[in-house]
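Per the working numbering, the sequence shown starts with residue 14, numbered consecutively.
For glycine and all other residues, C-beta sits at the position ideal for the given N, C-alpha and C.
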Amino acid sequence: MHSDFGCHHQHDLEHWLRRARVVPILTLDEETDAEPVADALISGGIRVLEVTLRTSAGLPALQRLRRRFPKLVLAAGTVRSIEDYHSAIDAGADFAVSPGASHTLLRYGVTASIPLLPGVATPTELLKGFEFGYRGFKFFPAAASGGLPMVRSLLGPFAEAWLVPTGGISGEDAGTWLREPNVAAVGGTWLVPEERIRARDWPGLEQLAADTLRDLD
């Protein structure tokens, strides 16, 4: 089961990411933290959430969130293999996010039941994605790869591309990134700081989300 947001192609994905503007990137040590974290974020206005597969809690957390929040748009992050992709689909993710753009993942994502947002950081990687028909990409790691100047340089020969920069972005500069017309949304961990999750500071997470979205208006 997936959410009802109708994301079958990258075009649908771009629409929803532009509406969301920010995507919290959540890595959990305990799957039982998934529901209270998501509940706080949703209450703060978040509509798209990425849960990474970096820990063993990632897939169970996705499954729990899919059951509890059927309208929440869920991404499976750190998808590095076809096996990860299959697991993300089975867990109920609405789309998959990869840190890089391998030939195998790009080819599989073209016909998979949920779309892929492949990670890129260079013109060569963008060109490879374009050859497979992709137009949306995760720009990662955004700050370390040159930041906004690099984005503007990349988009010169790839004006049809749209990006979701992640890595080194904060609430303070999210708005600057989003003013770029080809930036659909930004992703980051600043909305789900580990110390607040460890402290079970759910009201704090809700306020952080609400403040971030308010500052973008």
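Give the straight-line distance between the Cα atoms of residue i and residue j, rounded to the nearest whole angstrom.
i	j	result
residue 82	residue 162	38 Å
residue 156	residue 76	31 Å
residue 40	residue 173	31 Å
residue 121	residue 108	13 Å
residue 216	residue 133	35 Å
residue 201	residue 28	19 Å
residue 18	residue 230	Confidence at residue 18 is low in this model, with a pLDDT of 47, below 50, so its placement is unreliable and the value that follows should be read with caution. Rounded to whole angstroms, residue 18 to residue 230 spans 23 Å at the Cα level.
residue 226	residue 68	28 Å
residue 103	residue 64	14 Å
residue 71	residue 192	32 Å
residue 171	residue 213	43 Å
residue 101	residue 211	25 Å
Measuring alpha carbon to alpha carbon, tell me which of the options ends up nearest residue i.
i	options	result
residue 221	42, 50 and 43	50
residue 60	197, 111, 125 and 35	35
residue 25	63, 86, 216 and 37	86
residue 89	62, 115 and 69	62
residue 125	137, 132, 133 and 110	110
residue 246	92, 176, 189 and 44	Lying outside 14 to 230, the shown extent of the chain, residue 246 is not represented and no answer is given.
residue 73	84, 106, 56 and 55	106
residue 79	57, 48 and 189	48
Going by DSSP, what residue range makes up the beta strand (DSSP E) through residue i?
i	result
residue 85	Segment: none, residue 85 is in no beta strand (DSSP E) and carries neither H nor E.
residue 61	61 to 65
residue 152	149 to 152
Measuring from the CB of residue i, is there a heavy atom of the ligand PLP at a distance below 7 Å?
i	result
residue 191	You won't find the ligand PLP in this model; it holds no ligand whatsoever.
Pull up the CB-CB distance for residue i and residue j, whole angstroms please, since I reckon it's below 8 Å.
i	j	result
residue 53	residue 168	Actually they do not touch by this definition, with Cβ atoms about 35 Å apart.
residue 114	residue 138	5 Å
residue 118	residue 141	With a Cβ gap of about 11 Å, residue 118 and residue 141 do not count as contacting.
residue 164	residue 182	At roughly 12 Å, the Cβ-Cβ gap does not stay under 8 Å, so residue 164 and residue 182 are not in contact.
With DSSP as the reference, identify every bridge partner of residue i, one or two as the case may be.
i	result
residue 200	36 and 179
residue 109	89 and 129
For the alpha helix (DSSP H) holding residue i, just list the boundary residues, first then last.
i	result
residue 74	71 to 81
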